[in-house]
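Encoded as structure tokens, the structure appears first; notes follow it.
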Amino acid sequence: KAGVTQTPRYLIKTRGQQVTLSCSPISGHRSVSWYQQTPGQGLQFLFEYFSETQRNKGNFPGRFSGRQFSNSRSEMNVSTLELGDSALYLCASSIGLAGAFTDTQYFGPGTRLTVL
Amino acid sequence: SQELEQSPQSLIVQEGKNLTINCTSSKTLYGLYWYKQKYGEGLIFLMMLQKGGEEKSHEKITAKLDEKKQQSSLHITASQPSHAGIYLCGADQGAQKLVFGQGTRLTINP
Numbered sequence: 135k136a137g138v139t140q141t142p143r144y145l146i147k148t149r150g151q152q153v154t155l156s157c158s159p160i161s162g163h164r165s166v167s168w169y170q171q172t173p174g175q176g177l178q179f180l181f182e183y184f185s186e187t188q189r190n191k192g193n194f195p196g197r198f199s200g201r202q203f204s205n206s207r208s209e210m211n212v213s214t215l216e217l218g219d220s221a222l223y224l225c226a227s228s229i230g231l232a233g234a235f236t237d238t239q240y241f242g243p244g245t246r247l248t249v250l
Numbered sequence: 024s025q026e027l028e029q030s031p032q033s034l035i036v037q038e039g040k041n042l043t044i045n046c047t048s049s050k051t052l053y054g055l056y057w058y059k060q061k062y063g064e065g066l067i068f069l070m071m072l073q074k075g076g077e078e079k080s081h082e083k084i085t086a087k088l089d090e091k092k093q094q095s096s097l098h099i100t101a102s103q104p105s106h107a108g109i110y111l112c113g114a115d116q117g118a119q120k121l122v123f124g125q126g127t128r129l130t131i132n133p
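Heads up: the protein sequence lines correspond to chains A and B, in order.
Basically our numbering = 1-based index in the first sequence + 134.
Basically our numbering = 1-based index in the second sequence + 23.
Printed below as a string of structure tokens:
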């Protein structure tokens with residue numbers, strides 16, 4: 135099976151702009167989770183989507199949003215970019231049906247966003 | 024909220040040596056994941072532990088979960104250059120959410 139793919143791999147934006155990142159999960163996986171990784175804060179959970187619905191959300195401002203399509207592909211949008219949004223954004227896919235527990239998450243290569 | 028502390032933060036070992044990385048949680052661990060990351064790239068799934076006392080091995084890497092100590096350890100035997108990278112532990116928060124430690128950077132010297 136093909137792994138998780140993310141596009142684009144690298145992105146440079148300026149403050150105030152908005153950006154959309156894309157994630158295609160492993161075939162058959164219906165859950166997509168997004169994480170932000172920075173040197174200072176480490177890896178932090180943004181949100182998770184399953185069957186086009188956001189099921190779980192981390193502690194990020196409303197500028198960070200996402201959506202999932204019927205084919206399980208997911209997009210993440212960041213509006214009004216700030217310098218502090220520079221990070222590696224990772225998505226992870228899983229089957230998503232484990233109930234209270236988390237299925238094994240398989241990560242994509244990430245999108246490195248630089249905000250100037 | 025649950026926090027994970029990894030130790031050491033950085034580790035340099037001679038090729039062929041054994042090493043151990045620890046991950047200690049501030050709360051009870053219901054599921055603990057180990058991932059490896061090459062700098063600036065995605066995470067590679069290594070192992071998942073769910074039960075206290077559970078131990079899993081894959082090639083030369085062994086992970087254990089000590090539920091009472093709220094701790095997990097990752098042990099690499101006879102290290103190789105291919106083991107170099109950043110090792111991250113992640114605690115299951117439920118509903119597809121993981122909380123991660125800060126990572127341990129492993130360097131293998133030939």
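All C-beta atoms, glycine included, are put in the ideal place defined by N, C-alpha and C.
Here Leu231/A carries a coil assignment [DSSP, helix/strand/coil]. For the stretch 142–171 of chain A, the beta-carbon criterion of a distance under 7 Å to any beta-carbon of chain B is satisfied by Ser165, Ser167. Look at Ser105/B here: in three-state DSSP terms it is helix.
Taking each of Thr245/A, Val166/A, Gln175/A, Arg246/A in turn and checking the Cα distance to Lys120/B, the smallest one comes out for Val166/A.
Under the 8 Å criterion on CB atoms, Leu66/B is classed as interfacial with respect to chain A.
Per DSSP, Ser161/A is not a residue of any beta strand (DSSP E), being assigned neither H nor E. Residues of chain B whose Cβ lies closer than 9 Å to the Cβ of Asn211/A do not exist, since the nearest Cβ in that chain is about 20 Å away. Per DSSP, reduced to three states, the secondary structure at Gly113/B is strand.
Take Lys79/B, set aside five residues on each side of it, and the residues of its chain with a beta-carbon closer than 6 Å to its own are Met70, Ala86, in chain order.
Taking the beta carbon of Leu97/B as reference, no residue of chain A falls within 8 Å; the closest one sits roughly 16 Å away.
Separation of Ile131/B and Ser220/A (C-alpha to C-alpha, rounded to the nearest whole angstrom) is 30 Å. A direct Cα-to-Cα measurement between Arg149/A and Lys191/A gives close to 24 Å. Between Cys112/B and the set Lys50/B, Ser102/B, Ser95/B, Gln25/B, the nearest pair of CA atoms involves Ser95/B. One alpha carbon belongs to Leu250/A, the other to Ser102/B, and they sit about 40 Å apart.
The beta-carbon separation of Gln170/A and Tyr223/A, rounded to 6 Å, stays under the 8 Å limit for a contact. Residue pairing of Asn45/B in beta bridges, as defined by DSSP: Ser30/B, Ser96/B.
Residue range 198–202 is occupied by the beta strand (DSSP E) that includes Gly200/A.
The beta carbon of Glu28/B sits closer than 6 Å to those of Thr47, all from its chain and outside the five residues before and after it, given in chain order.
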